[in-house]
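Heads up, the thing below is written out as structure tokens.
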């Protein structure tokens, strides 16, 4: 079954976690916008927690990684606890794995959420995607035009309690054209600066100017270039301007995964990298020692756990360590400036 993102998201957000049925079965969400996938996870999380579903994450580094997914789906603790299994990556399961998924899907107590990049018409017709369509749910999380982006942003504005007048909305859409993340960051900033106020153009202009110096995209470009001093400067700026650590992690994790795929022999032209960024990713892949880059996924997982409150580590220091590693800089204690 196929489902548009907005109706499903609103349904999940409006549900009472305690009285809702547990979320079970196989879901696939495909989108090139990291925020969309994160919003679905955030909407599911209260229901998972209400039904004591343990959240587990699995990164697909190859088709063989699906073995770990099958192991989790086949397992239940002595107390019968189910899990919410978040799977990230574009590696499709092989025939044996598809057979196992088809066997498990009808009766599973787990919730499997597979996050992939945008799937084109050809990809949507593959056996793996068809299995999720037939036995589970496929969520189209793609933004096809500015009208859809505006709909998503207005929905999020309602949820975070920020109101813009018509002129301010028009200005925000023009200033952040085609960029969902930047627009969402500005909405969060407005909600903090002007709580319970209707935002006009003057208020919005102040916010846009204050936040215009650096963005997570600047951090990504600088990390790919291996410019350690500037990368640390941008990270510090993002911290001081209250940029959510989860947003920074999304950008760094995306870069890390693409670099790892290039190091594994993938053709950058087939990895949905913008043509003008291919050389940057290729150079970063050549610059980073394989042993170092293999530690990135573990670091990303640790940061994600810290953001979710699983441990009390310093998330900004962990992000700083990841930035240094992605830049290809040997880490020294005097470089760790985050408190």
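Residue numbers (this note's numbering): 32 to 370. We put the CB at the ideal spot given by N, CA and C, even for glycine.
Alpha-carbon spacing of residue i relative to residue j, whole angstroms
i           : j           : result
residue 346 : residue 329 : 14 Å
residue 125 : residue 160 : 12 Å
residue 140 : residue 43  : 18 Å
residue 341 : residue 86  : 11 Å
residue 219 : residue 258 : 29 Å
residue 264 : residue 138 : 51 Å
residue 317 : residue 196 : 49 Å
residue 120 : residue 135 : 21 Å
residue 53  : residue 310 : 45 Å
Residue i burial status per 10 Å Cβ neighbour count (16 or more: buried)
i           : result
residue 227 : exposed
residue 217 : buried
residue 296 : exposed
residue 84  : buried
residue 74  : buried
residue 286 : buried
residue 80  : exposed
residue 288 : buried
residue 233 : exposed
Which of helix, strand or coil DSSP assigns to residue i
i           : result
residue 118 : strand
residue 45  : helix
residue 145 : strand
residue 317 : helix
residue 61  : strand
residue 192 : coil
residue 139 : coil
residue 85  : strand
Cβ-heavy atom distance, residue i to the ligand PLP, below 7 Å
i           : result
residue 235 : As for the ligand PLP, it is missing from this structure, which has no ligand bound.
Of the listed residues the options, nearest to residue i (C-alpha basis)
i           : options            : result
residue 229 : 251, 192, 249      : 192
residue 185 : 41, 354, 349       : 41
residue 201 : 181, 71, 313, 278  : 181
residue 133 : 170, 166, 117, 115 : 166
residue 158 : 324, 223, 128      : 128
residue 269 : 258, 251, 285, 286 : 251
residue 150 : 174, 265, 138      : 174
residue 325 : 357, 301, 335      : 357
residue 131 : 189, 57, 190       : 57
residue 47  : 78, 38, 72         : 78
residue 283 : 246, 209, 72       : 246
residue 170 : 183, 36, 354, 313  : 36
Whole-angstrom C-beta distance between residue j and residue i, which should lie under 8 Å
i           : j           : result
residue 350 : residue 255 : Contact flag wrong, Cβ pair sits at about 16 Å.
residue 7   : residue 88  : For the chain, the structure presents residues 32 to 370; residue 7 sits outside this window and is missing.
residue 60  : residue 187 : Not a contact, Cβ separation roughly 17 Å.
Proximity test, Cβ basis, 8 Å: residue i and chain D
i           : result
residue 251 : Of the protein chains in this structure there is only one, and it is not chain D.
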